[in-house]
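Position in the sequence shown (from 1) plus 3 gives the number in our numbering.
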Amino acid sequence: SAHSSGSADAVVEIDCAAEQEQQQVQGVGGGAAAAGSFGAQVQQMAQNSVALQIAINQINAGQVVQAEALLNGILDANPADLSALVARGTARALARKLTEAVDDFSKAIEIEPRYPDTYKRRGQARSALGDVAG
Numbered sequence: 004s005a006h007s008s009g010s011a012d013a014v015v016e017i018d019c020a021a022e023q024e025q026q027q028v029q030g031v032g033g034g035a036a037a038a039g040s041f042g043a044q045v046q047q048m049a050q051n052s053v054a055l056q057i058a059i060n061q062i063n064a065g066q067v068v069q070a071e072a073l074l075n076g077i078l079d080a081n082p083a084d085l086s087a088l089v090a091r092g093t094a095r096a097l098a099r100k101l102t103e104a105v106d107d108f109s110k111a112i113e114i115e116p117r118y119p120d121t122y123k124r125r126g127q128a129r130s131a132l133g134d135v136a137g
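Right, dumping it as structure tokens:
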């Protein structure tokens, strides 16, 4: 419980930082574009974090189609988001979109090859496709 409240606090802090950044930018002339872009990035990261958690909750509730749609949006904004790739691969595997699931897991492995769970999930999807050789 301490972990989940910690991450929620972090999201709230990021949101507040983004709002403060935005307010400062509105009152400033010259360097507003660069600062605004940073504020927008921070805000986007916070929104992605919340969206990712919602998608994971949807996957756990069996709402894999909705989760995949939400994760598509996150990955459109940041194609290298490791957590979103693994989550979307999981949603796709559960929706029996096995080839797409293998693709997501393979991309995640390219980004971070030291995460054993991704190999396991990719192996399960490949096995379900009939690829017993691996």
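Using N, Cα and C, we set each Cβ at its ideal position, and we do this for glycine too.
- Sequence-distant Cβ neighbours of residue 67 in its own chain, meaning closer than 8 Å and more than five residues away, are 61, 94, 95, 97, 98.
- Put simply, of 71, 65, 41 the residue whose alpha carbon is nearest the alpha carbon of residue 54 is 71.
- Note on the stretch 44 to 105: whole alpha helix (DSSP H) runs with a minimum of 4 residues are 67 to 80, 85 to 97, in chain order.
- No Cβ-Cβ contact shorter than 8 Å links residue 57 with residue 83.
- Going by beta carbons, residue 101 and residue 80 fall outside the 8 Å limit.
- If you ignore the 5 residues before and after residue 73, its C-beta comes within less than 6 Å of the C-beta of 54, 58, all in its own chain and listed in chain order.
- Nearest to residue 48 by C-alpha distance, out of 86, 121, 109, 69, is 86.
- The beta carbons of residue 108 and residue 92 sit closer together than 8 Å.
- In the DSSP annotation of this structure, residue 116 is not part of any alpha helix (DSSP H), being labelled neither H nor E.
- Listed in chain order, the non-local C-beta contacts of residue 65 below 7 Å within the same chain number zero, local neighbours out to five positions each way being set aside.
- The alpha-carbon of residue 89 is positioned some 11 Å away from that of residue 103.
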